[in-house]
Amino acid sequence: MANAKTLVVGGQPLNVIDDTARSNAQTALNNAEYNRQGQIGKYGGQNIATILAGEIGSGSVYDALHKRIAAANFAGLRVGDYIDVPLVSASAVTTQQSARFLLAHIDPYLYCGDNSKGHHIAFVASAPVAVAKSVTGVANDSFLMWNTTNTNQGTADRKCPYPNSNLKAWETAFEA
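If you want the numbering used here, it's the 1-based position in the sequence shown plus 4.
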């Protein structure tokens, strides 16, 4: 079948193909398919690094994602999309070299509380991350207990339990 690209009218060539319309139509078709997959529980997610490839430049996927979130630009991101996070040696992970984190929520706490939390997203690990037996608070040879005192109350100085947890202590290794 012939594909007419230009039409000459009065000696002037006119483009017949509207690339913007084609691109928009393809985007709409892709989004409709992702919506269909989500509705039937089959959406496998897309790699966020791929989604943001044009925005990463010389930075990292984390920088591009942070800029997007700060600007409240969640276009193209869907619950179920993922990011593969390399695990550093300080994390004392036994065998895995990276962990897949799934986008779970977009702005879940934006207007909660007395002060707005700002735009944010929440990720969850797609599977438990097994740690080495040598990590403080490890149980069952590879999983962290929240704490070893069987309390979730924190201390008199730090009333919230998370900053005092074994999980927070383990996560601190990633900040180095």
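By construction, the Cβ of each residue, glycine as well, lies at the ideal position given by its N, Cα and C atoms.
The structure presented is a predicted model; accordingly, all values stated were derived computationally and were not measured.
To the nearest angstrom, report how far apart residue i and residue j are at their CA atoms.
{"i": "tryptophan 174", "j": "aspartate 88", "result": "19 angstroms"}
{"i": "alanine 160", "j": "asparagine 151", "result": "16 angstroms"}
{"i": "valine 65", "j": "serine 102", "result": "15 angstroms"}
{"i": "glycine 48", "j": "threonine 54", "result": "14 angstroms"}
{"i": "lysine 137", "j": "leucine 148", "result": "10 angstroms"}
By the 10 Å Cβ neighbour count, where 16 or more other Cβ atoms means buried, how is residue i classified, buried or exposed?
{"i": "leucine 69", "result": "buried"}
{"i": "asparagine 168", "result": "buried"}
{"i": "valine 72", "result": "The amino acid at residue 72 is misidentified as valine; the sequence shows arginine. With 16 or more Cβ atoms within 10 Å of its Cβ, arginine 72 is classed as buried."}
{"i": "leucine 114", "result": "exposed"}
{"i": "leucine 11", "result": "exposed"}
{"i": "methionine 5", "result": "Only weak support is given to the placement of methionine 5: the predicted model assigns it a pLDDT of 47, under 50, and the value that follows is read from those uncertain coordinates. Flag for methionine 5 reads exposed."}
{"i": "isoleucine 44", "result": "exposed"}
{"i": "leucine 56", "result": "buried"}
{"i": "valine 20", "result": "exposed"}
{"i": "asparagine 133", "result": "It is worth fixing the name first, because residue 133 is valine in this sequence and not asparagine. It is buried - the Cβ of valine 133 has at least 16 other Cβ atoms within 10 Å."}
Less than 8 angstroms between the C-beta atoms of residue i and residue j, yes or no?
{"i": "valine 135", "j": "serine 146", "result": "yes"}
{"i": "phenylalanine 105", "j": "valine 139", "result": "no"}
{"i": "histidine 123", "j": "alanine 76", "result": "yes"}
Assess, as a yes-or-no matter, whether the stretch 69-89 is touched by the stretch 106-115 under the definition of 3 or more beta carbon pairs within less than 8 angstroms. yes
Which full runs of the beta strand (DSSP E) of 3+ residues lie inside the stretch 68-144, going along the chain? 86-90, 102-110, 125-129
Starting from the N-terminal side, write out each stretch of the alpha helix (DSSP H) that is 4 residues or longer and does not extend beyond the stretch 11-80. 23-43, 52-55, 57-60, 65-74
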